[in-house]
Amino acid sequence: MTLIHTLAVENLTLGYGDRTVIEGLDLVVPAGRITAIVGANACGKSTLLRSMSRLLVPRAGQVLLDGKQVHRMPAKELARTLGLLPQSPIAPEGITVADLVGRGRNPHQRMFSRWSAEDDEAVAAALDATDTASLADRSVDELSGGQRQRVWIAMALAQQTDLLLLDEPTTFLDVSHQVEVLDLLTDLNHSRGTTIVMVLHDLNLAARYADHLIALADGRVHAVGAPHEVLTEETVQAVFGLSSRVLLDPTSGRPMMLPIGRHNVSVPV
Amino acid sequence: MTTPTTLNPAASSVAIVRRPKRLRSLWLLVSLAVLAGLMLASVMIGSREVSWAEIMAALGGSIDGFGPAAVATRIPRTLLAVVAGAALALSGAVMQGVTRNPLADPGILGVNVGASLAVVCGMAYFGLTSASEMIWVAIVGAGATAVFVYTIGSLGRGGSTPLKLALAGAATSAALASFVTAVVLPRNDIAEGVRSWQIGGVGGATLESIRVVAPFLLVGLIVSLLSARSLNSLALGDDLAAGLGERVAIARAAAAIGAVVLCGAITAVAGPIGFVGLVVPHACRLIVGVDHRWLLPFSAVLGAALLTGADVLGRIVARPSEIDVGIITALIGAPFFIYIVRRRKVREL
Amino acid sequence: MTLERSVADAPLLSTAQVVARGRVRRTARRRWVIAVLAALIVLGYIVSLLVGQTFYSPAEVIGVILGQDVPGASFTVGRLRLPRATLAVLAGLCFGMGGVTFQTMLRNPLASPDIIGISSGASAAAAFAIVTLSISGTAVSVLAIGAGLGVALLIYALSFKSGVLGTRLILIGIGIAAMLDSLTAYVLSRAAMWDLQEATRWLTGNLNGVSWAQTVPVLIALVVLAPVLLGQSRNLSMSQLGDDTASALGVRVERSRLILIIAAVGLIAFATAAAGPIAFVAFLAGPIAARIVGPGVSLLVPAALVGALLVLVGDFLGQFAFGTRMPVGVITGVLGAPYLIYLIIRTNRAGGSL
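Protein chains in written order, with my numbering: chain X, -15 to 253; chain B, 32 to 380; chain R, 11 to 364.
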């Protein structure tokens, strides 16, 4: 049974070198739901996610998991609760799928402990959940983009965390694989109650799949809430500097953004 | 003065238009003046100071007395330093343009070691001794190594990234250096000759050796300078350059040949001198920008000045003996190299 | 046995069993390889004690080891061959383990300590000590070790810019190596003939005339530092996934990296101080081990054993296979160089990781 965890950010300031990317940010991630973070390039989405998973130390403010500061927690303890799939993960040459997914068990293993049946079970469960069991003995190098991404998600699943953060999980995939991955994440959320936070660059997919949307602009939260509250023409203009029409998507009942450029656009009715 | 901080020269192409021609000409004149001053210093300074009168006498051809005799040895040395510096800097600038790689330098690409191996084999197995034979052999060795390193450094995704090229060069250098050791170790007869050659210095310069190497240098110089315009196009990427009407493969090959001939010829006469080809073009880019029509001549002048200055330094610092110029360039060049690496965003590398 | 079965058949193996089977297969292969390598090393060790310009019988050799005074053998085997063979194995273990640690950590088989400046540092210090300071023996070793460690820390510090990135470390290492190599060349150019000979001998990697005094420090280093590395072996495996993923899996990346570097450099520095920089052993042991053991398992022990075997065999060949005595460094250099080049080609073509 997944425990309810609260992940919150208070007055967070982040930066690289002498550049400040995020300033004075406050945020709460709703437990057990799917949250998507959207915004223009270099607005701080990835930076925020990295800080929430402890990869980046804040200049000011704090990231709190269940009220405890994330940067003060022991690394393995955090890794048992919060999982992260970074943007361009690296797979060692020649590694098999089962082996890679098995690496996800690291937070649960002590220094010289042996591999246990429980570990095998966890890996197997992760493979089954992502429908990659048939690929178990294959080399990761040989897989297609969608398959590989599913394998990475399986690794994160094997960690058996209650929260899963994903940094642009769909960016390099073609559209069918994008939908495949997002459907999988939704299954995960519905069946296990895993809290999911993902950075997405596609506004429409974000609106369709997320329960909770966060729009960042210039290192600040511009809008927060349910998709129909956040995805408005005003938000798109403010965050992306783009005029648009926002309609109701007939296939999902969620809002859908249609960009308005300078050509091939008929006069709005 | 804006400093181009992006690595891709094309991104600074707008800067080419902006930089006033007058400023560049001014800098060129300044560096020529500096070079002339250094050449003078090189002739005057050494284990024994000389006076104007003695210099004049020596130039007039007489070698009576210690003064003019000293000058008589220093003139070829100065000349070689100037020529070597210019050739190496030019070679480096061209290589960086051809490979679009900020870390390309004959030394890092292992070209020196390749030339060494060729020369050593020539000495050991073919009994070569004459300077011109060695030069040909060195050029062949340099060229083969450059091609080899570039090829294997370009395999795989991403083509020839600076890191892959540097590693390929370093690993090849290590491999070839092993071969050099293996060839030289059992051969005591050539050991001394090899050792003195391997340091990299202009100390043993004679007018004769310069005369031998001059035609090669001239060819290399002309080919390199003529490829300036092509290098500007190549900087935009192969595809774009082809779109601009450039015959990419030929232009690249021609420029590369020019660079390799310059570098191989100098290595044959002065031994391996590293980092000049790396450091000087970068410094020049900060001053005159990335237009190769200015960058190449400027690099040559600045390179000549640098090497002459390094040679003078080597003679002053360790009186009465001297430090070979190859060592000074490494000691100055390596920190600069590290500075470049630290400054750039690693992803760009 | 494939997993493809039609829907009608009941699956023969559950997913968990497939996973377990794969894992068992990998570890079994690794154990086999370790056993075979260890056996070969023992064999090589024995052979190098028995065989030489004079052949001694096993009985005589055992007598020497037990401390008895066997005429002829006591000196040759006890004073010459025993320390030499032992150092060959120990140094090989150090080079192999240290080298593979760097290659795994930096995710690039070409990023070997030979190339990124550590051997250059030890060499420069040794050349300086022998030629300029005119010292020899233990003092040279101490300086070499200190220099190796010092250079490693310098490279680490220089590449630290809110975290150390592998690429930067490698490039800076190459730059420092170039600087140190030219320093070495300078020192050598100033050397008197016999200093030069001794320095060159040291610099090629040489086991001639080694004594127990040189062997024991390496043993101590191995006993102290190898367990440290082995303790970090899981973290090392995790670091193959990239710093971000490793951190997300609970590895304290910077701390782990520092420990790994210090331990690996320590091993290499001590081995270099005793035997000189034996070319390419640190470079090649890891990739060779990776090929025979296969992907996904810890390479520390296999690479160490491969290193020991390389040095042992190289030294033996150097002594007896050719007309003149060649130092082990030349053998490993000449034989290693083509494999090295093959490795570069293969690495770049595949995209580069260990």
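Backbone N, C-alpha and C fix where the C-beta goes; we use that ideal spot for every residue, glycine too.
Contact between the segment 286 to 293 of chain R and the segment 210 to 217 of chain R (3+ Cβ pairs under 8 Å)
yes
Meets three-Cβ-pair contact criterion under 8 Å: the segment 56 to 73 of chain X and the segment 240 to 247 of chain X
The segment 240 to 247 of chain X and the segment 56 to 73 of chain X do not touch, with fewer than three beta-carbon pairs separated by less than 8 Å.
Return the residue from the list R/R200, R/F105, R/L322 and R/F138 that minimises the CA-CA distance to R/P297.
R/F105
Cα-Cα, which of B/V151, B/G145 and B/E164 is closest to B/A201?
B/G145
Cβ-based contacts, 9 Å cut-off: residues of the segment 325 to 357 of chain B near chain R
S352, I354, D355 and G357
Within the 8 Å Cβ cut-off, does X/T80 reach chain R?
So, interface residue.
Spatially closest choice to X/S250 from X/S236, X/D233, X/S228 and X/R238, by CA coordinates
X/S228
Residue of R/L190, R/A38 and R/G343 minimising C-alpha distance to R/A304
It is worth fixing the name first, because residue 304 of chain R is Gly in this sequence and not Ala. R/G304 has its Cα closest to that of R/A38, out of R/L190, R/A38 and R/G343.
By Cβ distance, which residues of its chain are closer than 6 Å to X/L197, with the 5 residues on each side in sequence left out?
Here the set comprises A20, P211 and V214.
Closest to B/A301 by CA distance: which of B/L338, B/A199 and B/A285 is it?
B/L338
Roughly how many whole angstroms lie between the Cα atoms of B/S147 and B/S240?
Whole-angstrom Cα-Cα distance: 17 Å.
Output needed for R/A157: all residues of its chain with C-beta closer than 6 Å, excluding positions within five of it in sequence on either side, in chain order.
Excluding positions up to five away in sequence, the list reads G131, A132 and A135.
Given B/D136, which residues of its chain have a CB within under 6 Å of its CB, disregarding the five upstream and five downstream residues?
Cβ contact annotation for B/D136 (same chain, cutoff 6 Å, sequence separation greater than five): G123, G308 and L309, in chain order.
Along the alpha helix (DSSP H) that carries X/A15, what are the first and last residues, could you check?
Here X/A15 belongs to no alpha helix (DSSP H), and DSSP marks it neither H nor E.
X/D151 bridges to which residues according to DSSP?
The partner list for X/D151 (beta bridge, DSSP) reads X/V183.
For the segment 58 to 78 of chain X, which residues have a beta carbon sitting closer than 9 Å to at least one beta carbon of chain R?
P58, A59, K60, E61, L62, A63, R64, L66, G67, L68, L69, P70, Q71, S72, P73, I74, A75, P76, E77 and G78
Once the 5 residues before and after R/L23 are set aside, which same chain residues still bring their CB inside 6 Å of it?
none
Taking all protein chains shown into account, do 16 or more other C-beta atoms lie within 10 angstroms of the C-beta of R/I7, making it buried, or fewer, making it exposed?
Given that chain R is displayed from residue 11 to residue 364, the structure contains no residue 7 of chain R and the question cannot be resolved.
Alpha carbon to alpha carbon, how far is B/P51 from B/G320?
10 Å
Using the DSSP secondary-structure output, state which residues sit across from X/G(-1) in a beta bridge.
X/T4
What residues from the segment 184 to 199 of chain R come within 9 Å of chain B, judged by C-beta to C-beta, listed N to C?
Of all residues in the segment 184 to 199 of chain R, I184, G185, I186, A187, A188, M189, L190, D191, S192, L193, A195, Y196, L198 and S199 have a Cβ within less than 9 Å of some Cβ in chain B.
Ends of the beta strand (DSSP E) at X/G45?
A44 to L49
Tell me which same chain residues have a C-beta within less than 6 Å of the C-beta of B/V142, skipping the five on either side of it?
A173, T176, A177 and C294
Where do the ends of the alpha helix (DSSP H) carrying X/L215 lie?
Neither: X/L215 is in no alpha helix (DSSP H) and is coded neither H nor E.
Simplified DSSP assignment, three categories, for B/L159
If DSSP states are grouped into helix, strand and coil, B/L159 belongs with coil.
For R/V29 and X/A120, the rounded distance between their alpha carbons
7 Å
Nearest-angstrom Cα distance between X/A(-8) and R/A274?
40 Å
Taking CB distances under 8 Å as the criterion, tell me whether X/A117 reaches chain R.
The beta carbon of X/A117 falls within 8 Å of a beta carbon belonging to chain R, placing the residue at that interface.
Which whole-angstrom value is the C-beta distance of R/M107 and R/L322, which I expect to be below 8 Å?
Not quite, the Cβ-Cβ distance comes to about 15 Å (not below 8 Å), so this is no contact.
What does the alpha-carbon distance come out to for the pair B/A314 and X/R3?
27 Å
Bridge partners for X/P243 per DSSP, in chain order?
X/S228
Starting from R/R267, trace the alpha helix (DSSP H) in both directions and tell me its first and last residue.
V263 to A285
Between B/D342, B/A290, B/I358 and B/G345, which has its C-alpha nearest B/I119's C-alpha?
First, the residue type needs correcting, since residue 119 of chain B is Leu and not Ile in the sequence shown. Closest by alpha carbon: B/A290.
I'd like to know whether the C-beta of B/I221 is nearer than 8 Å to at least one C-beta of chain R.
no
Got a sec: is the Cβ-Cβ distance from R/A281 to anything in chain B below 8 Å?
For R/A281, the answer is no, since every Cβ of chain B falls outside 8 Å of its Cβ.
Mapping the DSSP letters down to three states, classify B/G302 as helix, strand or coil.
coil
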